[in-house]
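Written below as structure tokens is the structure these notes are about.
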Amino acid sequence: MMTGESPLRAQPDSRILDQDSQQGYLFDDQGEQKEDQLLADYRQRYGLSEDPFAHDYSFPLFTGAGRRQLLDQLLHLCQFSNSVLVVMGEYGVGKTRIAHAFMDSLSDQDQICFLGLRAGQTLEQILLSINQAFGVQTGDIPSTENLLAALEGFIAEEALAEDDGLAVVVLDNAHLLDDQSISVLTSLLNNFPQQNRLHLALFGEPALMRRMERLSPENLLCNDFYLQAFTLLETVDYLNFRMEMADYLGPEIFTEAKVDSWWRQAQGQLNVLHGLAEEHLLESVTPARVMSKRPLPVAHIIAISLVLAVVGVAFLYMGDEEPAPAPSVTINTAPTTASSVATSTASSLELTSTETPVQPLMQSLPQPQQPNQQTQATVQLQKVAAPETVTESESSVVSAEQPAREIAQEQVVPLAQLPTSPPNVASQPAVSESEPVGAPTSVQAVAPVSVEKPIAAVVANKSEPVVVAEPAKPVRSTGSSQERNLLGWKPNEYTIQLLGVSNQKAALDYIAAQTNKKELLMFKSKRAGKDWFVVVTGRFISSAQARQAIAKLPAAQRDAGPWPRDLKTIQAEIKAAM
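Numbering (my numbering), first residue to last: 40 to 617.
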């Protein structure tokens, strides 16, 4: 018998023979204990009643990440089937914790033999421990033959007993069994196919199942399960769950950003994860180390003083230097003849001595020349300037294209608003002092035309592409006719699962060998990323009705340990596997 609900917090069980398991280790090795004072400090800081990351198997079981579903299946098969139960998983994922939760969920009437195997244990030692746990007399000189005969007599006697209690052998680290032990233990159960008294549950690493397939009898019924490591989200939930079970009432301490590096480092090993989380809590209450201040040596003080003095002198000398003049935007042309220089100097002096008042607005903007004035200035420049001056002026116009563009944009003024009086040269920028008046005019005539027209052409030719939405493709239905039949049932209905295997041919052969094969259905699901084929039968409106129908199944199907399943879960598995 099994209890209806697995206890949240387990207590030490006197039925467990291996006393080492009572010492509080959960995984394959124990981490070093922290100082008691620091542990007490962070418990007081967070208001904890106990250490949430202690290696204690009696700590409440985390039922997320499929742990609760696995425990329910183990308890069901242990009650209604005589198959060998195998739970596989990588090192440190929590197989031992599941084994203890499985034993804690059994009834008080059941007898339990728990063995945490170690490398090098022989078959004789294992059989002796099992006989001692069940109180079987083995004689004065126990040998492998005597121990095996005594255990077979115990199984035959208990098969005829009317007691409802079970005898369960739980072997942790079962991958450490040698080939002889695996062969003898599996054959022992296979020799008594009708008995439902003795059960064998093995917990080990994935290599165990491959060896069992090679060493066990061909007709041995075996149910194997794979315990997955926590994902990142499940790891965060697991750590916060342990804090909550230790009576922590504050906000969640562990987040995805904080746990991500721990999760990658742990690689699924919970003992490593516990150590990292505990170190984080200890660091939060450990006082920061204060570095002792010691005076610097005299030599260091002198060296630092010299460096500061040199830097100060260099800074003072740098401050006395005159700042470099800002780069001028003016266009410097090659010097012309002496007559042109004298003419420009005289004109600048004459214009500077004018008494005409200048408006503030006209001071900020250069005054454009009249068309006739621009023409005359250009003709005079062409007559006076040397050939090499024209060449250099053309190159300077190209190099000053950007400033000329800005000047041209500022000087675009309607003709009606231009002043009739001669322009005031004193209000113009420094360009007029270093070059003839006609030089900016040529830049003004070229720059706007060469820039604005291509831009207008690009804008005129630019067009936005038209995106045409494609019609959605119809979704093609997949799955076999039996799977579509199951998908058509109501989600709140129930059916009976008879078999679950990883080989489709084995499932089809099983269906073909049954007397009620027309009533059996098969669907494909996913298990640990691989195909998993499940055989079911019947359609029922409730779980109770499905359990009553189990008694009416053929004997071979009843011995396989069938169990009710809701259609909602089955339909979800079918859709996920499509």
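Where a beta carbon is used, it is the ideal one built from N, C-alpha and C, also for glycine.
Per DSSP, what kind of secondary structure is residue i in: helix, strand or coil?
i    : result
V349 : helix
S97  : coil
G174 : coil
D211 : strand
I180 : coil
A439 : Note that A439 scores 41 on pLDDT, short of 50, meaning its location in the model is unreliable; the coordinates nonetheless yield the value given after this. Looking at A439 - three-state DSSP - the assignment turns out to be coil, as it is neither helix nor strand.
Q483 : Here Q483 scores only 43 on pLDDT, less than 50, and its place in the model should not be relied on; the value that follows carries that caveat. If DSSP states are grouped into helix, strand and coil, Q483 belongs with the helices.
I535 : strand
L606 : helix
V573 : strand
G130 : Residue identity check: residue 130 is Tyr in the sequence provided, not Gly. Y130 falls in the coil class under three-state DSSP.
M251 : helix
I292 : coil
V488 : Note that V488 scores 42 on pLDDT, short of 50, meaning its location in the model is unreliable and no value can be drawn from it.
G243 : strand
N121 : coil
F141 : helix
A342 : helix
A615 : helix
F579 : strand
A104 : coil
A206 : strand
P601 : coil
Among the options, which residue has its Cα nearest to the Cα of residue i?
i    : options                   : result
D217 : A546, L87, G577 and T161  : T161
N279 : A567, L537, L100 and L166 : L100
T225 : P91, K134, M251 and L186  : M251
L538 : V175, S519, A599 and A590 : A599
D605 : S581, F231 and A305       : S581
C117 : T102, G133, G103 and A138 : A138
P593 : D90, V349 and E558        : E558
E184 : L227, R523 and E295       : L227
N524 : R586, P256 and K614       : K614
Decide if residue i is buried, meaning its Cβ has at least 16 other Cβ atoms within 10 Å, or exposed.
i    : result
H339 : exposed
K607 : exposed
Y96  : buried
E532 : buried
G178 : exposed
S220 : buried
W602 : buried
Q308 : buried
D548 : exposed
R157 : exposed
G86  : exposed
K556 : exposed
T517 : exposed
F354 : exposed
K529 : exposed
M357 : exposed
N542 : exposed
S122 : buried
G105 : exposed
From which residue to which residue does the beta strand (DSSP E) around residue i run?
i    : result
A552 : Counting along the chain, A552 falls outside any beta strand (DSSP E), and DSSP gives it neither H nor E.
R236 : Taken as a continuous stretch (DSSP letters only), R236 belongs to no beta strand (DSSP E), as it is neither H nor E.
I221 : Note, I221: premise wrong, no beta strand (DSSP E); alpha helix (DSSP H) at D218 to N229.
S564 : L559 to R566
Q150 : Q150 to G155
L266 : C261 to L266
Just curious, the alpha helix (DSSP H) that residue i is in, first and last residue?
i    : result
Y277 : L271 to M284
N542 : Note, N542: premise wrong, no alpha helix (DSSP H); not H, not E.
N524 : S520 to L526
D90  : Per DSSP, D90 belongs to no alpha helix (DSSP H) and is neither H nor E.
A595 : A594 to D598
Throw me the rounded Cβ distance for the residue i and residue j pair, which I believe falls under 8 Å.
i    : j    : result
T534 : R578 : 6 Å
S88  : A285 : 6 Å
L266 : M142 : That belief does not hold up - the Cβ atoms of L266 and M142 are roughly 16 Å apart, past 8 Å.
L166 : L190 : 6 Å
F153 : H313 : The pair is not a contact, with the Cβ atoms about 22 Å apart (cut-off 8 Å).
Determine, for residue i, whether the minimum Cβ-Cβ distance to residues of chain C falls below 8 Å.
i   : result
P91 : Absent from the structure is chain C; it holds one protein chain and no more.
Please confirm whether any heavy atom of the ligand PLP lies closer than 7 Å to the CB of residue i.
i   : result
E89 : Within the structure as shown, the ligand PLP is missing, as the structure has no ligands at all.
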